[in-house]
Amino acid sequence: MKDIVLDLGPVNAVDETAFAQAIENLAEWHRKSGGQGWRERDAPDVMIKTVSSKSGELRKAVIFQKQEWAAAFMGFWRGECEAR
């Protein structure tokens, strides 16, 4: 399975409140939708990492196992960023 890696930008530029709300929205969406894999586990597989770019800049990355989950998260993330 190929990982889907979303680069959210420089660590110091990521709004942590918006990020936390996007993660909460994703979990709630998954719970309500009964998404694929819902019966096997209680939330989408997601990993949050700090990665270093080639220039040494620290960036926040979110890694998903399924495209559907990554797309849903990006919708919630963009909505939270626009709301702030």
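Yeah, the sequence shown ends on 84 if you go by our numbering, and it's all consecutive. In this text, a Cβ means the ideal position worked out from N, Cα and C, and glycines have one as well.
In the three-state reduction of the DSSP assignment, residue 59 falls in the strand class.
For a cut-off of 8 Å, the C-beta gap from residue 73 to residue 45 is around 12 Å, too long to register as a contact.
If you draw a straight line from the Cα of residue 3 to the Cα of residue 67, it comes to about 9 Å. Residue state for residue 53 is assigned as coil, using DSSP reduced to three classes. In the displayed model, residue 79 falls within a helix according to three-state DSSP.
Each residue's CA atom was taken as its position, placing residue 29 and residue 70 some 12 Å apart. DSSP places residue 9 in the uninterrupted beta strand (DSSP E) bounded by 4–10.
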